[in-house]
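Asker: Pasting a structure here, questions to come.
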Amino acid sequence: MPALVQEKLAKTGYTRGATHREIYQNRVTRWNRVVIPWEQWASCKSPDDGTSTYQNGFIVLIEPDWYFTTSDADGVLALEGLALGTNALLLYRRRYQWRSFRPSGGRLENGLPFAPAFSRTAPLGGTYMARIHATTAEGGEEIVHGYNTTRMRGAGIRVYEYASQATAEAAKVQLECLIWACADVEDMPDDPRMNRPSRMQRQAAQMKRAREMDLWDVDRLHNARLINQARHTVCPLCLDELSVSDFLKRADQAAGRETYDLTLTEVTLFHIDELRVGKLQHKPYNLGWGHAHCNTVVKDAGIMPTLKWMKSVLDRNGDSWARLEKETASVEEAVNR
Ligand SMILES: [Zn+2]
Numbered sequence: 065m066p067a068l069v070q071e072k073l074a075k076t077g078y079t080r081g082a083t084h085r086e087i088y089q090n091r092v093t094r095w096n097r098v099v100i101p102w103e104q105w106a107s108c109k110s111p112d113d114g115t116s117t118y119q120n121g122f123i124v125l126i127e128p129d130w131y132f133t134t135s136d137a138d139g140v141l142a143l144e145g146l147a148l149g150t151n152a153l154l155l156y157r158r159r160y161q162w163r164s165f166r167p168s169g170g171r172l173e174n175g176l177p178f179a180p181a182f183s184r185t186a187p188l189g190g191t192y193m194a195r196i197h198a199t200t201a202e203g204g205e206e207i208v209h210g211y212n213t214t215r216m217r218g219a220g221i222r223v224y225e226y227a228s229q230a231t232a233e234a235a236k237v238q239l240e241c242l243i244w245a246c247a248d249v250e251d252m253p254d255d256p257r258m259n260r261p262s263r264m265q266r267q268a269a270q271m272k273r274a275r276e277m278d279l280w281d282v283d284r285l286h287n288a289r290l291i292n293q294a295r296h297t298v299c300p301l302c303l304d305e306l307s308v309s310d311f312l313k314r315a316d317q318a319a320g321r322e323t324y325d326l327t328l329t330e331v332t333l334f335h336i337d338e339l340r341v342g343k344l345q346h347k348p349y350n351l352g353w354g355h356a357h358c359n360t361v362v363k364d365a366g367i368m369p370t371l372k373w374m375k376s377v378l379d380r381n382g383d384s385w386a387r388l389e390k391e392t393a394s395v396e397e398a399v400n401r
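Numbering follows the numbering used here, with no gaps: position 206 of the sequence shown is 270.
The following block contains the structure:
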């Protein structure tokens with residue numbers, strides 16, 4: 065496949081980027097250790113993908129406010145199989161937490177040293193991490209402790225970005241087949257690494273594989289807005305058929321210039337179901353390809369809520385093309401008179 069398509073496909077197995085000051089690791093595979101906020105523990109303690117554990121474990125991050133004001137916080141955590149320094153850490157994100165909720169004498173009440181963690185596997189080497197941004201106010205220096213060396217940046221990945229290696233691979237097979245299902249796939253340009261005959265061979269082989277893995281249930285794909293009646297790949301929001309050439313475009317992300325060009329049809333990874341705590345997003349039948357522009361419009365709101373909002377916008381504007389044409393003219397007149 066053309067290099068750019070290959071690159072898009074490969075990227076789906078990786079998490080998004082993170083700056084070195086963040087809690088998370090930067091662009092790593094989705095089956096890395098996950099970071100779970102303590103407030104979300106109840107709904108996230110086991111992945112909702114039919115398995116009982118995260119492939120590479122987890123670290124629970126605990127607000128110091130909660131830990132230091134709850135009686136027997138260690139006992140509460142122990143009931144859930146959690147312990148600071150083993151699979152849980154205190155996370156300092158705000159300056160008041162750093163000022164008000166630190167033990168005196170360098171030790172926590174349970175006797176553990178109050179030290180920054182540096183290992184992602186138990187023992188974590190410490191009991192806390194801190195990510196407090198610098199402020200211009202007095203004493204507002206940046207505080208970045210734990211997982212901040214070049215070799216060990218970030219404690220893990222965002223829990224909702226997690227997918228086991230098997231799930232991520234399955235998702236990739238389905239996403240590749242969605243490229244092969246583009247209406248104009250015949251027009252895919254030749255690539256030095258793949259001419260037309262070898263491309264057709266690959267297409268047939270991957271489609272066969274997808275069917276065997278139950279990844280090509282056309283009714284399910286259609287209901288999830290990934291393909292249309294003609295079984296061609298569509299953008300999940302606007303339902304326009306995608307073109308293989310859309311996969312070969314790269315958005316012009318000039319520095320300081322957001323691209324809001326309506327003609328821009330670059331294709332990006334699309335989530336069908338909106339983000340919900342405790343629900344993993346990266347799995348077959350919940351991922352598709354869609355326009356980067358449409359994806360920006362949907363953001364985390366979800367496709368159906370976005371469509372409902374669009375409908376209300378159109379209703380208020382009088383849902384007729386003729387009226388919109390007339391409105392365009394009068395807006396221009398009003399602005400430029
Ligand atoms: Zn679209």
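Note that CB positions come from ideal geometry on N, CA and C, so glycine has one too. None of these values were measured; they are calculated from a predicted model.
Answer yes or no: do residue 224 and residue 339 have a C-beta to C-beta separation smaller than 8 Å?
Answerer: By one-based count along the sequence shown, residue 224 stands at place 160. By one-based count along the sequence shown, residue 339 stands at place 275. It is a contact, given that the beta carbons lie within the stated cut-off.
Asker: So, does the stretch 270-280 touch the stretch 233-240, judging by three or more C-beta pairs under 8 Å?
Answerer: Segments in contact, yes.
Asker: Should residue 388 go down as buried or exposed, given a rule of 16 or more other Cβ atoms within 10 Å for buried?
Answerer: Taking the first residue of the sequence shown as position 1, residue 388 is located at position 324. Under this definition residue 388 is an exposed residue.
Asker: Is residue 296 helix, strand or coil by DSSP?
Answerer: Here residue 296 refers to the residue found at position 232 when the sequence shown is read from its first residue. It is coil, neither helix nor strand.
Asker: Check each residue's C-beta against every heavy atom of ligand 1 and list, in chain order, those closer than 7 Å.
Answerer: Counting every residue whose Cβ lies closer than 7 Å to a heavy atom of ligand 1, we get 299, 301, 302, 304, 354, 355, 357, 358.
Asker: Determine the direct distance from the alpha carbon of residue 359 to that of residue 330, and round the result to whole angstroms.
Answerer: Within the sequence shown, the letter at position 266 stands for residue 330. Within the sequence shown, the letter at position 295 stands for residue 359. Their Cα atoms are separated by approximately 10 Å.
Asker: In this structure, what does DSSP give as the bridge partners for residue 220?
Answerer: Reading the sequence shown from its first residue, position 156 is the one you call residue 220. Note: residue 220 sits in a beta bridge opposite 88.
Asker: Under the three-state reduction of DSSP, which class applies to residue 352: helix, strand or coil?
Answerer: As a working note, residue 352 is residue 288 in the sequence shown. Of the three classes helix, strand and coil, the one that applies to residue 352 here is strand, per DSSP.
Asker: Per DSSP, residue 194 is paired with what?
Answerer: Indexing the sequence shown from 1 puts residue 194 at position 130. The partner list for residue 194 (beta bridge, DSSP) reads 156, 209.
Asker: Between residue 69 and the rest of its own chain, which residues show a CB-CB distance below 6 Å, the 5 nearest in sequence each way excluded?
Answerer: Along the sequence shown, read from residue 1 onward, the residue named residue 69 stands at position 5. Cβ neighbours of residue 69 beyond the five flanking positions: 311.
Asker: What's the gap between the Cα of residue 298 and the Cα of residue 382?
Answerer: Reading the sequence shown from its first residue, position 234 is the one you call residue 298. Reading the sequence shown from its first residue, position 318 is the one you call residue 382. Each residue's Cα considered, the two are about 27 Å apart.
Asker: In the DSSP assignment, find the beta strand (DSSP E) that holds residue 291 and state where it starts and stops.
Answerer: Within the sequence shown, numbered from 1, the residue matching residue 291 stands at position 227. First-last for residue 291: undefined, no H or E at that position.
Asker: May I ask which residues mark the beginning and end of the alpha helix (DSSP H) holding residue 133?
Answerer: Locating residue 133 in the sequence shown gives position 69, counting from the first residue. Start and end: 128-133.
Asker: Can you confirm whether the stretch 140-159 touches the stretch 187-195 when touching is taken to mean that 3 or more C-beta pairs between the two stretches lie within less than 8 Å?
Answerer: Counting Cβ pairs under 8 Å, three or more are found: they touch.
Asker: Which residues does DSSP pair with residue 171 in a beta bridge?
Answerer: Along the sequence shown, read from residue 1 onward, the residue named residue 171 stands at position 107. 177.
Asker: From residue 137 to residue 266, what does the alpha carbon distance come to, in whole angstroms?
Answerer: In the sequence shown, the residue the question calls residue 137 occupies position 73. In the sequence shown, the residue the question calls residue 266 occupies position 202. Distance between the alpha carbons of residue 137 and residue 266 is about 56 Å.
Asker: Starting from residue 332, follow the beta strand (DSSP E) in both directions and report where the run begins and ends.
Answerer: The sequence position of residue 332 within the sequence shown is 268, counting from 1. Per DSSP, residue 332 belongs to the beta strand (DSSP E) from 331-335.
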